[in-house]
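Notes follow once the structure below has been shown.
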Amino acid sequence: MLDHFPFYLTLIVLIVLLIMLSNKIKVAYPVLLVLGGLTISFIPFIPVMKIDPELIFIIFLPPLLYEAAWANSWKELWHWRRIIGSFAFIVVFLTAIAVAFIANTIIPGFSLALGFLLGGIVSPPDAVSASVILKLVKAPKRMSSILEGESLLNDASSLIIFRFAMIAVATGQFIWYQAALSFGWMIIGGVGTGLIVGLLFLKAHKWLPTDVNMDIILTLVTPYAMYIAAEEVHASGVLAVVSGGLFLSYFRHHFLTGSSRLSGENVWQSLIFLLNGLVFLLIGLDLPEIISGLQEEGVSFYRATAYGLFITLMLIIGRMVAAYGALITTLFASHFIKVADSSPGIKAPLLLGWTGMRGVVSLAAALSIPVTLANGMPFPHRNLILYITFIVILVTLVLQGLTLPLLIKKVKLPNFNDHLPEEETESLIREALAKVSLNYLTENHKVELDHSLHLQKLALKWENQLTANEDPNLSERTKAIYGSILDKQRYLLIQMNKKEKHIDEEIIRKFLHQIDLEEEKLKLE
Numbered sequence: 009m010l011d012h013f014p015f016y017l018t019l020i021v022l023i024v025l026l027i028m029l030s031n032k033i034k035v036a037y038p039v040l041l042v043l044g045g046l047t048i049s050f051i052p053f054i055p056v057m058k059i060d061p062e063l064i065f066i067i068f069l070p071p072l073l074y075e076a077a078w079a080n081s082w083k084e085l086w087h088w089r090r091i092i093g094s095f096a097f098i099v100v101f102l103t104a105i106a107v108a109f110i111a112n113t114i115i116p117g118f119s120l121a122l123g124f125l126l127g128g129i130v131s132p133p134d135a136v137s138a139s140v141i142l143k144l145v146k147a148p149k150r151m152s153s154i155l156e157g158e159s160l161l162n163d164a165s166s167l168i169i170f171r172f173a174m175i176a177v178a179t180g181q182f183i184w185y186q187a188a189l190s191f192g193w194m195i196i197g198g199v200g201t202g203l204i205v206g207l208l209f210l211k212a213h214k215w216l217p218t219d220v221n222m223d224i225i226l227t228l229v230t231p232y233a234m235y236i237a238a239e240e241v242h243a244s245g246v247l248a249v250v251s252g253g254l255f256l257s258y259f260r261h262h263f264l265t266g267s268s269r270l271s272g273e274n275v276w277q278s279l280i281f282l283l284n285g286l287v288f289l290l291i292g293l294d295l296p297e298i299i300s301g302l303q304e305e306g307v308s309f310y311r312a313t314a315y316g317l318f319i320t321l322m323l324i325i326g327r328m329v330a331a332y333g334a335l336i337t338t339l340f341a342s343h344f345i346k347v348a349d350s351s352p353g354i355k356a357p358l359l360l361g362w363t364g365m366r367g368v369v370s371l372a373a374a375l376s377i378p379v380t381l382a383n384g385m386p387f388p389h390r391n392l393i394l395y396i397t398f399i400v401i402l403v404t405l406v407l408q409g410l411t412l413p414l415l416i417k418k419v420k421l422p423n424f425n426d427h428l429p430e431e432e433t434e435s436l437i438r439e440a441l442a443k444v445s446l447n448y449l450t451e452n453h454k455v456e457l458d459h460s461l462h463l464q465k466l467a468l469k470w471e472n473q474l475t476a477n478e479d480p481n482l483s484e485r486t487k488a489i490y491g492s493i494l495d496k497q498r499y500l501l502i503q504m505n506k507k508e509k510h511i512d513e514e515i516i517r518k519f520l521h522q523i524d525l526e527e528e529k530l531k532l533e
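Residue numbering for the sequence shown follows my numbering, beginning at 9 and increasing consecutively.
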C-alpha cells in the first residue's frame, strides 16, 4: 500500500488535469477519465489497482447517492413522478429481463440466473454523465430533472435485481414467493430505515451542541449509517440512502445553520468530485486485469467483445423504444388523468432515449461480484460479466457522451413552459423578499427604524429592490433585526417553493444560498 501511495497521488492529480482538459474542450469529463484510465493501463510497470469487491458498494455508493438525493428537488421529482417511476422501475426491470434472455441465448453456458445478474448490472443509466453533458449545452430543465430523478431510483431497482440474481447463482434455486416477500421488505425496510436514521441525525444536529465542523462530519457519516443499517436488516441500503437523503434535504433549513450549509456544500463538492473521478478512472484502469481473466475462462477477446457490443446495441435500442413508449403512454393517459405534459412532442423522447450512458453503479456492481462462491468454487463467468460491463460502459459513454451535445443542438427542442423565465422568476422573488422585509421592519421595529440610519438605508435598498447595504459598522441591535429579517426571507422562499409549482427550485436555492452568505457576513462584522 505504501509503495503505491505516490501512484495514487498521481492519479488524483491526473483526474484534476483531465477534468480541466474536459472543461477546456467542452467534453463531458467521464468520457475523458475513462479513456485516460484506459490509456494509462497499457503503460508498462503501472501497478494493478485492486479493491476488495465487498467494499466497492460501501465506499463509493452511499456518498454518491446521498449527494445526488441532497441535490435533487423533491418538487421536480413529484412533478415528473410518473415518467421517472416508469423509467426507474418498469424500464429497468424490462431491460434486465431482455438482457437475461439474450445473454442466456447467445453465450454458451450462461445460465438465466447469470443473465439476470448481468441485466441488473447494466440496466441503470448513469445520471452523472448525462447531467455533466446537459450542463455543457442549453437543455430544458425537465430533461435534467427526469434524468436525475430516474437515477436515484433506478440504482435501487437494478441493485435489487442484482441481489436476487446473486442469490439464485449461489444457491442454484429461485423461489418466487420468497423473492416477492423479500422484495417487498427490501423496499419498505429500505425506505423506513433511511427515514428513521435520517430523523435520528436530524435530532442529533438540533439537540447536540454542534459547530460547523461537527455538522459536516455528521453529514459525512449519515449516508454510511443509513446504508449499513438497512443492509444489516436485509433491506435495500440504496433506497435507505435515497429516502433518507431526500428527507434531510427537504428539512435542511430546519436543522443546519447557514454556516454549516455553506461549509458543508464546499466539502461535499470536493468529495464527490474526487469519488466520481476515481470511479471513472478505475473503469479504464481495470481493463488489463479483466482481459487476463477472460483468458482463464477460455473466452476469446473477440468473442467477448462481440457479446458486449451486441448487448450494448440492445440496451441503446431498448431505451429508445422505452422513451417513445412513454410518449405513447402519456398521450393515452392524458385522456383519463392529469399528466405533467399532455403534449411533450416527438423530439424530447429522442434525447431522453439517447441519454443511456452507463457508469458508476454498473462498475460498482460488477466489481462487487465475489471471486468465489460460498463453497469455494470460482464464480461462474465473473470475468466475462466484468468485460461485458466494461464494453457497455465504454461504448455508451464515448458514443452517446460525445454525440449527445450535437444531438441536442441539432434537434432544437421547443421552449417548454414548465417554469417561468429565469429573469422573471428572479424579479418576482426579489419583489417578494423586499415586500416581506419592509413589512416586518415597519410592523415590528418602527421605533428602531426611526432612529437607526443603518435600518433606514436597508429599507431604502429594499424599496429599490436592491441587495442589503454592507456597512461594516452595524450595531448589535441592527444585526439582530437584520438577522430576523433574513429568517423571514428564508421562510418566504421555502413557502414559495412549496406553493408555486412554476418556479424553478434551482433559482430558489440560489437565493437561499445568498441569504446564507449574507447571514455569514453579519457574523464577521
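Backbone N, C-alpha and C define an ideal beta-carbon position, used for all residues, glycine too.
Everything numeric in this text was worked out from a predicted model, so none of it was measured.
- Task: Could you check what DSSP says for T380 in three-state terms: helix, strand or coil?
- Result: strand
- Message: In whole angstroms, give me the CA-to-CA distance for E513 and Q503.
- Response: 11 Å
- Cβ separation of V368 and V287, assumed to be a contact under 8 Å, to the nearest whole Å: Going by Cβ atoms, the distance from V368 to V287 rounds to 5 Å, so yes, they are a contact pair.
- Query: Which residue or residues does DSSP assign as beta-bridge partners of P386?
  - Reply: T380
- Message: By the three-class DSSP mapping on this structure, what secondary structure does L242 have?
- Response: Note on identity: in this sequence residue 242 is His, with Leu being the wrong assignment. Coil.
- Drop a sphere of 10 angstroms on the beta-carbon of I54, count the other beta-carbons inside from all chains shown, and report buried for 16 or more, exposed for fewer. exposed
- Beta carbon of L494, beta carbon of E451: below 9 Å? no
- Message: Suppose you measure from the CA of I401 to the CA of N31; what does that come to, to the nearest Å?
- Response: 21 Å
- With DSSP as the reference, label S492 as helix, strand or coil. helix
- Task: Consult DSSP for N80 and reduce its assignment to one of helix, strand or coil.
- Result: If DSSP states are grouped into helix, strand and coil, N80 belongs with coil.
- Item | L474, buried or exposed, once every other Cβ within 10 Å from all chains shown has been counted against 16 | Residue confidence is low: L474 scores 40 on pLDDT, short of 50, so the model does not pin down where it sits. Its coordinate-derived value is still stated next. When all chains shown are included, L474 counts as exposed.
- Query: CB I399 to CB L122, shorter than 9 Å?
  - Reply: no
- Task: Identify, in the order they occur along the chain, each residue of the same chain with its Cβ nearer than 7 Å to the Cβ of S271, setting aside the five sequence neighbours on each side.
- Result: V220, I224
- Query: Say the cut is 8 Å; is the CB of T363 nearer than that to a heavy atom of the ligand COA?
  - Reply: The ligand COA is absent from the structure shown, which contains no ligand whatsoever.
- Task: To the nearest angstrom, report how far apart F191 and L226 are at their CA atoms.
- Result: 30 Å
- So which of L530, R498, H510, E156 has the shortest CA-CA distance to F519? R498
- Top-ranked residue by Cα proximity to W276, from T230, L26, A356: With distances taken between Cα atoms, W276 lies closest to T230.
- Give the C-beta separation of K83 and K509 to the nearest angstrom, bearing in mind that I take them to be a contact with Cβ-Cβ under 8 Å. 7 Å
- Message: Once DSSP output is grouped into helix, strand and coil, what is the label at L323?
- Response: Looking at L323 - three-state DSSP - the assignment turns out to be helix.
- Task: Count the C-beta pairs between the segment 248-258 and the segment 204-220 that are closer than 8 Å, then say yes if the count reaches three, no if not.
- Result: yes
- Would you identify the three-state DSSP class for G180, choosing helix, strand or coil? In the structure shown, G180 falls within a coil segment according to DSSP collapsed to helix, strand and coil.
- Could you pull out every residue in the same chain whose Cβ sits closer than 7 Å to the Cβ of S460, ignoring the five residues on either side in sequence? T486
- Task: Assign Y310 to buried or exposed, taking buried as 16 or more other Cβ atoms, counted over all protein chains shown, within 10 Å of its Cβ.
- Result: exposed
- Query: Can you tell me where the alpha helix (DSSP H) with L361 in it begins and where it stops?
  - Reply: Residue 361 is actually Gly in this sequence, not Leu. Where G361 is concerned, the enclosing alpha helix (DSSP H) stretches over 355-362.
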